[in-house]
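Here the sequence shown stands for residues 16 to 136, numbered as in this note's numbering. We put the CB at the ideal spot given by N, CA and C, even for glycine. Here the structure is a predicted model, which is why all the values come from computation and not from measurement.
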Amino acid sequence: MRIRTLSALLAVMVASGGLAMGLAGCRSLPPSKSEALWTPEEARGAQVFHRDCARCHYPTTTKGLHGPGLQALTKLKAMPSGAPPTDERLSRVILNGHGLMPGTALEQDQLNDLLAYLHSL
Ligand code: HEC
Numbered sequence: 016m017r018i019r020t021l022s023a024l025l026a027v028m029v030a031s032g033g034l035a036m037g038l039a040g041c042r043s044l045p046p047s048k049s050e051a052l053w054t055p056e057e058a059r060g061a062q063v064f065h066r067d068c069a070r071c072h073y074p075t076t077t078k079g080l081h082g083p084g085l086q087a088l089t090k091l092k093a094m095p096s097g098a099p100p101t102d103e104r105l106s107r108v109i110l111n112g113h114g115l116m117p118g119t120a121l122e123q124d125q126l127n128d129l130l131a132y133l134h135s136l
């Protein structure tokens with residue numbers, strides 16, 4: 016009985032600690048790379064983003080539009096779905112879609128440019 020109460024208490028502490036860290040995490044996200052510093056690859060990726068992604072995602076804030084804001088996406092431990100933001104996972108989400116997000120058919124070089132751009136956010 017006593018142990019149960021203790022572990023319930025522990026669970027609450029862990030949950031609220033996680034929440035506080037989550038909130039602090041939002042405030043301390045690193046800023047996106049400035050446009051003036053983009054490599055040619057990142058600049059081409061930004062064009063792909065504006066053509067295929069911008070109607071549903073803000074790039075430089077975590078505020079949601081139709082999908083989550085993508086600021087600092089690749090610097091996070093986990094994306095909104097909980098999956099780590101690896102290039103492999105990102106490529107799969109982009110090409111095949113995920114949940115309510117439709118897939119986008121991209122050539123390999125466009126995908127590479129887009130990934131470079133996402134890393135700059
Ligand atoms: C029609 C709207 C729409 C378009 C266009 C769109 N997305 Fe999404 N995106 C969404 C929605 C909605 C989600 C949340 C999906 C879910 O988990 O149910 C999402 C989720 C994501 C995620 C998070 C995946 C995760 O595992 O949490 C990433 C990254 C992402 N989109 C990137 C992109 C990129 C890059 C493009 C352009 C190639 C794009 N999206 C185009 C709507 C869109």
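Membership of Ala131 in the alpha helix (DSSP H) is indicated by the continuous run 123 to 135.
Within the same chain, Cβ atoms closer than 7 Å to the Cβ of Lys90 are found at Pro45, the five residues on either side in sequence being excluded.
Annotated three-state conformation of His72 is coil, per DSSP. Burial check for Gln86: the Cβ neighbour count within 10 Å reaches 16 or more, so the residue is buried. Just so you know, the alpha carbons of Leu105 and Leu130 end up roughly 8 Å apart.
Restricting attention to alpha helix (DSSP H) runs no shorter than 4 residues, the segment 63 to 117 encloses them at 102 to 111, ordered along the chain. If the five residues before and after Leu121 are omitted, its C-beta is found closer than 8 Å to the C-beta atoms of Val63, Asp67, Ile109, Leu110, Leu129, all from its own chain and listed in chain order. The beta carbon of Gly118 is closer than 7 Å to those of Leu110, Asn111, Gly112 in its chain, skipping five residues each way along the sequence.
Within 7 Å of the C-beta of Gly82 there is at least one heavy atom belonging to ligand 1. Taking Lys78 as the centre and dropping the five residues before and after it, the same chain places the C-beta of Gly84 closer than 8 Å to its C-beta, in chain order.
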